[in-house]
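The sequence shown begins at 3 in this note's numbering and counts up one residue at a time. Glycine is no exception: its CB is placed at the ideal position from the N, C-alpha and C atoms. For clarity, every value in this text was computed on a predicted model and none was experimentally measured. First up is the structure itself, then whatever we jot down about it.
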Amino acid sequence: MSSYNKVILMGNLTRDPETRYANSGTAIVKFGLAVNRRYQDSEGNWQEEPTFIDITMFGKRGEAFARFHQRGKPAFIEGSLRFDQWEDKQTGQKRSKLYVVADSWEFVGGGRDGGGGGGFSGGGSSAQAGSFEPAAADDTPF
Numbered sequence: 003m004s005s006y007n008k009v010i011l012m013g014n015l016t017r018d019p020e021t022r023y024a025n026s027g028t029a030i031v032k033f034g035l036a037v038n039r040r041y042q043d044s045e046g047n048w049q050e051e052p053t054f055i056d057i058t059m060f061g062k063r064g065e066a067f068a069r070f071h072q073r074g075k076p077a078f079i080e081g082s083l084r085f086d087q088w089e090d091k092q093t094g095q096k097r098s099k100l101y102v103v104a105d106s107w108e109f110v111g112g113g114r115d116g117g118g119g120g121g122f123s124g125g126g127s128s129a130q131a132g133s134f135e136p137a138a139a140d141d142t143p144f
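Here it is, written out as structure tokens:
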């Protein structure tokens, strides 16, 4: 059976991007994104339900993202879901995490300087699915 793993998200960063480097020199950029689901409750009032998503981006694409984004800024992300499992060193408990590996991003809305638009979604970077490289610094995702 075929499968399809594609995620498209637009939301605001919940924290500044954090950049680390793998032993190979590849940038590993991690940040959080908040997306809202808007719905009408049983009394007809509009409600917003936030969902907080951890995002990882690799290579030059991730470095560029970290240079232009900070907490609170909107972003449009395309990528795929990834599932990690590990054993906690301190407690010995099995842990797991579902997160998004971003393949591309675009600016959203106008900037503080009045400019807007643009994006960085060119092909051929190390952020493509075939070059996933886990951070080996420790056994827990940051």
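With a 10 Å radius around its C-beta and 16 neighbouring C-beta atoms as the bar for buried, classify R63 as buried or exposed.
buried
Taking 9 Å as the threshold (C-beta atoms), are T58 and R84 in contact?
yes
Hey, E65 and A24 are a contact pair by Cβ (cut 8 Å); roughly how many whole angstroms apart?
In fact, because the Cβ distance is near 13 Å, the residues do not count as touching under 8 Å.
Quick check on DSSP: helix, strand or coil for K99?
strand
Can you check whether the CB of A68 is closer than 9 Å to the CB of T21?
Contact: yes.
Pick helix, strand or coil for K62, following the three-state DSSP scheme.
DSSP, read as helix, strand or coil, puts K62 in helix.
How should P76 be labelled, buried or exposed, when 16 other C-beta atoms within 10 angstroms of its C-beta is the threshold for buried?
exposed
Please identify the residue among K99, G94, T53 whose C-alpha is closest to the C-alpha of D86.
K99
Would you mind giving the Cβ-Cβ distance between V102 and G74, rounded to the nearest angstrom? I have them listed as a contact below 8 Å.
Not quite, the Cβ-Cβ distance comes to about 19 Å (not below 8 Å), so this is no contact.
Please list the terminal residues of the continuous beta strand (DSSP E) segment that includes R40.
29 to 42
Among Q72, E50, F109, which has the Cα closest to the Cα of V31?
Q72
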